[in-house]
Structure formats: C-alpha cells, structure tokens
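Have a look at the structure below before the remarks.
Number of protein chains: 2
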Amino acid sequence: MEEFRVKRYSERAVYDKNKLFEMLDKNILCYVSFCENGTPFLIPMIFSRIGDFLYFHGSYESRLINFIGSGNNVTIGITNIKALVVATQIKNNSLNYESAVLNGNGEWVNDLEEKIQFFKALSEKFIPGLWDYSKIPSKEDVERTAVVKVKIEKFSMKVRNGEVNEKEKYGDLWSGIIDIAYSYSYSGKIDELPGFIKSFINI
Amino acid sequence: MEEFRVKRYSERAVYDKNKLFEMLDKNILCYVSFCENGTPFLIPMIFSRIGDFLYFHGSYESRLINFIGSGNNVTIGITNIKALVVATQIKNNSLNYESAVLNGNGEWVNDLEEKIQFFKALSEKFIPGLWDYSKIPSKEDVERTAVVKVKIEKFSMKVRNGEVNEKEKYGDLWSGIIDIAYSYSYSGKIDELPGFIKSFINI
Numbered sequence: 000m001e002e003f004r005v006k007r008y009s010e011r012a013v014y015d016k017n018k019l020f021e022m023l024d025k026n027i028l029c030y031v032s033f034c035e036n037g038t039p040f041l042i043p044m045i046f047s048r049i050g051d052f053l054y055f056h057g058s059y060e061s062r063l064i065n066f067i068g069s070g071n072n073v074t075i076g077i078t079n080i081k082a083l084v085v086a087t088q089i090k091n092n093s094l095n096y097e098s099a100v101l102n103g104n105g106e107w108v109n110d111l112e113e114k115i116q117f118f119k120a121l122s123e124k125f126i127p128g129l130w131d132y133s134k135i136p137s138k139e140d141v142e143r144t145a146v147v148k149v150k151i152e153k154f155s156m157k158v159r160n161g162e163v164n165e166k167e168k169y170g171d172l173w174s175g176i177i178d179i180a181y182s183y184s185y186s187g188k189i190d191e192l193p194g195f196i197k198s199f200i201n202i
Numbered sequence: 000m001e002e003f004r005v006k007r008y009s010e011r012a013v014y015d016k017n018k019l020f021e022m023l024d025k026n027i028l029c030y031v032s033f034c035e036n037g038t039p040f041l042i043p044m045i046f047s048r049i050g051d052f053l054y055f056h057g058s059y060e061s062r063l064i065n066f067i068g069s070g071n072n073v074t075i076g077i078t079n080i081k082a083l084v085v086a087t088q089i090k091n092n093s094l095n096y097e098s099a100v101l102n103g104n105g106e107w108v109n110d111l112e113e114k115i116q117f118f119k120a121l122s123e124k125f126i127p128g129l130w131d132y133s134k135i136p137s138k139e140d141v142e143r144t145a146v147v148k149v150k151i152e153k154f155s156m157k158v159r160n161g162e163v164n165e166k167e168k169y170g171d172l173w174s175g176i177i178d179i180a181y182s183y184s185y186s187g188k189i190d191e192l193p194g195f196i197k198s199f200i201n202i
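Here it is as structure tokens:
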C-alpha cells in the first residue's frame, strides 16, 4: 500500500495506515469516482473494509458495480468535518477535519463466504449487534446481490485539529472552535428498542 | 440546467431545482471529481452557491483550481445521511438520505466584486452573521486568492425518506428509524460568545 504525496498543506498529511483504517471503519458512506471516455463520474456508496480492501454491493445491472468488477481504476474519498475554526479575520477561518483519498483497481467477489463476511461487516458497522439480532441473508439473497472490492493501492490522508491559527488577531473579537457532533435519536417508544440499539444511540 | 436521469431506484429521483439549491445551501463541503489522462481524481472542497454556479477558492498553484479555471469538466457530489432504516431482515436495511450529483464546466472568477460576494456567501454559510462581525478580506487578500466557478449544467438528486420498507417482516423483531442529527457545541466559556454564535449553536 503506497501513499500519495500531499502537496498542499503538507503539514496536515498523515501516512499512518492504522489511522486510515480507523477512519474508514467509522464511516458507512464514501464517494467513488471513475472516468469513462474522459468524463468524470461520482457516486456515493455504502462500503465496508476487510483487510486492505473496500467492499461495495449493488445490483448486477449497476454500471458502477460492473465497472469496478471489471478491474477498473477508481478513486475513493471520505471526509469528516469535526469543527468550525472561527478566526477574527474571515480569511483565517478554517475547519477541523479528517480526509482520506484512496486509489485502486476493482475485482468481483464471487466467493459466498467472502460475500457473507462483507454483509456482516457492513451490518456491524451500521449498528453493532445487528447481525446476531436480525434475519441474516439466505444463500439465495447473497447470490442475487453483486459484490465487488477495491484494493487500497495508494492513499493519502489529511487531518486538521486544534486551535485557531491566526498571527494577527483583529481587535478583541472573539475567536474559537465550534465543535460539530453527530447524534442518534429515536422518536418512538424507547422501551420497545432492543438493548444493543439503546446502547448504540446512548439512551 | 439539464437533469441527469437516475436509473437505479428511480422512484427516489427528484428533479426540483429549488430542492437542489436548498440542499447545496446547507452544506459547506462537496466532493469534486475530474479526469486527467483517464485517471479519476477526487478532492473534498469547501464551496458556496450563487445562482446557477458553485464557487471554489484556493491557491493559484492548486492543481484543481487551475483545472477548473481552465474550463474543464467536473462532477460534484454531496450526500447527507439522515437516518438508519433498520429492518428485521439484514437485506432490507437502508438509509434515509439526500444526494445530489452535478456536472458542469469551470471558469476563472476574476472580478473583484464577484469574488467578494463569494467570500461573503461562504462566510454566511459558515455562521450567519460572521461577515458583519469579523474583519473582512482586504482587496489584496481577495486578489491573492484564486476563485473559480462551475456552472450547474446537469444535475440529479435522490432522496429516500420515511419508514422501513419490508414486505416480509421476520418474526416479531423490532424495526424502525434511528435518526441522525448534527449538533454544534462550544467547550469554552459561553458568556464570551457573540450573540449570533450563541443563536447558531442553539445555546
């Protein structure tokens, strides 16, 4: 697994595979970019990682699934915004974020057991505990669904953390970090929720 | 502005320009995809919309900024996940989301006033009220920053809302919608925050 070199803001570059995997494993959605006849395509995709591969599923008729399965090259991106960095001068505003871009070639996943492992990984990323609770896909369900994978052959990662970076503060204006958080909630009857879902959404 | 036709799950397709603009205007980050010599590139970018154009800024040395400025074709994507849709069968799990993909050709923005309008739009998307509160960019700051825009020539949008869609429920397992929300917070002294920021983060 090779790293892209990050040119702009290279002090924000991260070349740690464990950091990359950590970020991939907490996200369910990524963006897959590919070229056909010089035209750029971009498709948001649900994914899961196993080892050095990202797995995707879809219909056997899907253009993207067939494109990846046929061994073509794709670039994949994920970014999480963690905070607004508010400076006294507009030009110094920024974001705290983590961002990964990967590149690799695709292939079909035809092995039944490997496909099931992917569905399990995806389900456990969705809500940990869901796989054991729910009705899992039958052999026929698995066979009906197309699965492809992309080997992470190159990656780059950028992270900005921390405080406002402003050499010249303007007057005594306020500056600081506004954190952004995700939260889960359920608008129905809490008592009906299975325990593992209550834990997941912190009720 | 033409629409792409959405092939898969076409019942989720939306062809309403106002819905598109609403979604664009509440997001600060998008993904820009482009092709060079058949290789797909994907870069997360901060943006703002004015009229039928998406604006981006960066360094005059940036590869993407120069690529867009030179009139090339790019595809831009944004997706917001709004809920986990948890079914009784793993294969029926889904997400509630909204997703937009746009395509168009780029151009340089050289007019000083147009550049300032973009910086203002971006700042007001960051936190409404920030532009009037902060030190705005000087003429020199604006001139030093490269700005490009992409006309939205084609777009497609998909939205999934609502409940679990499951013909055959498995046993009496729980199924339902787990909502996902963003929230802002400040870990410092609340009293020090300007009023418009308190309002923005709902304190």
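If you read the sequences in order, they're chains A and B. Residues 0 to 202 (numbering that gives the first Met the number 0) are what the first sequence spells out, left to right. Residues 0 to 202 (numbering that gives the first Met the number 0) are what the second sequence spells out, left to right. Every residue gets a Cβ at the ideal spot worked out from N, C-alpha and C, and that includes glycine. Keep in mind that this is a model prediction, so the values were computed, not measured.
Residue i at chain E interface by Cβ criterion, 7 Å
i	result
B:L41	The structure shown contains no chain E; its protein chains are A and B.
Per-residue DSSP class, three states only, for residue i
i	result
A:V147	strand
A:L192	coil
B:K235	What the structure shows of chain B is the stretch from 0 to 202, and residue 235 of chain B is not part of that stretch, so it cannot be assessed.
A:Y181	strand
A:I67	helix
B:F33	strand
B:I89	helix
A:N95	strand
Closest residue to residue i among the options (Cα-Cα distance)
i	options	result
A:L111	A:F125, A:E142 and A:E97	A:E142
B:V158	B:K124, B:D51, B:F52 and B:V100	B:V100
A:L53	A:K90, A:V13, A:L23 and A:G194	A:L23
A:L172	B:N91, B:Y132, B:A86 and B:I77	B:Y132
A:G161	A:L192, A:I200 and A:E97	A:E97
B:V163	B:I126, B:K150, B:S93 and B:E35	B:S93
B:L63	B:P39, B:I80, B:K81 and B:D51	B:P39
B:E139	B:I115, B:Q88 and B:L192	B:I115
A:E205	A:K153, A:V146 and A:I196	Residue numbering for chain A in the displayed model covers 0 to 202; residue 205 of chain A lies beyond these limits and cannot be assessed.
B:K153	B:P136, B:V73, B:Y169 and B:I200	B:V73
B:I126	B:T87, B:N201, B:S137 and B:K166	B:N201
B:F66	B:A12, B:C34, B:Q88 and B:A86	B:C34
B:K82	A:G37, A:L192, A:S182 and A:M156	Looking at the sequence provided, one finds Ala at residue 82 of chain B rather than Lys. That would be A:S182, whose Cα lies nearest to the Cα of B:A82.
Closer than 6 Å: residue i CB and nearest the ligand SAH heavy atom
i	result
B:P39	In the structure shown, the ligand SAH is absent, as is every other ligand, since no ligand is present at all.
Chain B residues whose Cβ lies nearer than 7 Å to that of residue i
i	result
A:F118	I89
A:S155	Result: empty, since nearest Cβ-Cβ is about 11 Å, beyond 7 Å.
Residues of its chain near residue i, where Cβ-Cβ distance is below 8 Å and the 5 sequence neighbours each way are ignored
i	result
B:F20	R48
A:G70	N104, G105 and E106
A:Y30	L41, I42, P43, M44, I75, G76 and I77
B:E123	L129 and W130
B:G68	G105, E106, W107, A145 and V147
B:I80	L94, N95, Y96 and I179
A:V85	N92, V163, W173, S174, G175, I176 and I177
Neighbour list for residue i in chain A, Cβ cutoff strictly below 9 Å
i	result
B:E191	W173 and G175
B:N65	Within 9 Å Cβ-Cβ: nothing; B:N65 doesn't reach chain A, min ~12 Å.
Close-in-space but distant-in-sequence residues of the same chain around residue i (CB under 7 Å, 5 per side omitted)
i	result
B:K205	Because chain B here runs from 0 to 202, residue 205 of chain B falls outside it and cannot be looked at.
B:K150	D51, F52, G103 and N104
Residues that residue i contacts on chain A, provided the C-beta gap is smaller than 8 Å
i	result
B:N201	Under the 8 Å cutoff, chain A gives no residues; its nearest Cβ is about 11 Å from B:N201.
B:N104	Near B:N104 there are no residues of chain A at all, since even the closest Cβ is about 12 Å away, more than 8 Å.
Per-residue contacts from residue i into chain A (C-beta, under 7 Å)
i	result
B:V108	Those do not exist, as B:V108 stays about 16 Å from chain A at its closest Cβ, beyond 7 Å.
B:F33	P39
Neighbouring residues, chain B, relative to residue i (Cβ below 8 Å)
i	result
A:S198	Under the 8 Å cutoff, chain B gives no residues; its nearest Cβ is about 12 Å from A:S198.
Chain-ordered chain B contacts of residue i [CB-CB under 9 Å]
i	result
A:G194	Under the 9 Å cutoff, chain B gives no residues; its nearest Cβ is about 11 Å from A:G194.
A:N95	Residues of chain B passing the Cβ test: none, with the nearest at roughly 12 Å.
Sequence-distant residues of the same chain with beta carbon closer than 6 Å to residue i, five excluded per side
i	result
B:Q88	Y169
A:G209	An answer regarding residue 209 of chain A cannot be provided, because it is not within the stretch 0 to 202 covered by chain A.
B:T121	A small fix is needed here, since residue 121 of chain B is Leu in this sequence, not Thr. Closer than 6 Å at the Cβ level, and outside the excluded window around B:L121, lie S47.
Contact set between the segment 157-188 of chain B and chain A, restricted to residues whose Cβ is under 7 Å from the partner: Y169, L172, W173, G175, I177, D178, I179, A180, Y181, S182, Y183, S184, Y185, S186 and G187
Positions along the segment 123-150 of chain B whose CB lies within less than 8 Å of some CB in chain A: F125, I126, L129, W130, Y132, S133, K134, I135, P136, D140 and T144
Near-chain B residues of the segment 14-30 of chain A - C-beta to any C-beta below 9 Å: The residues in question are I27, L28 and Y30.
Members of the segment 70-90 of chain B that neighbour chain A once the beta carbon cut-off is set at 8 Å: N72, V73, T74, I75, G76, T78, I80, L83, V85, A86, T87, Q88, I89 and K90
Interface positions of the segment 41-59 of chain B facing chain A (Cβ-Cβ less than 9 Å), listed along the chain: L41, I42, P43, I45, G57 and S58
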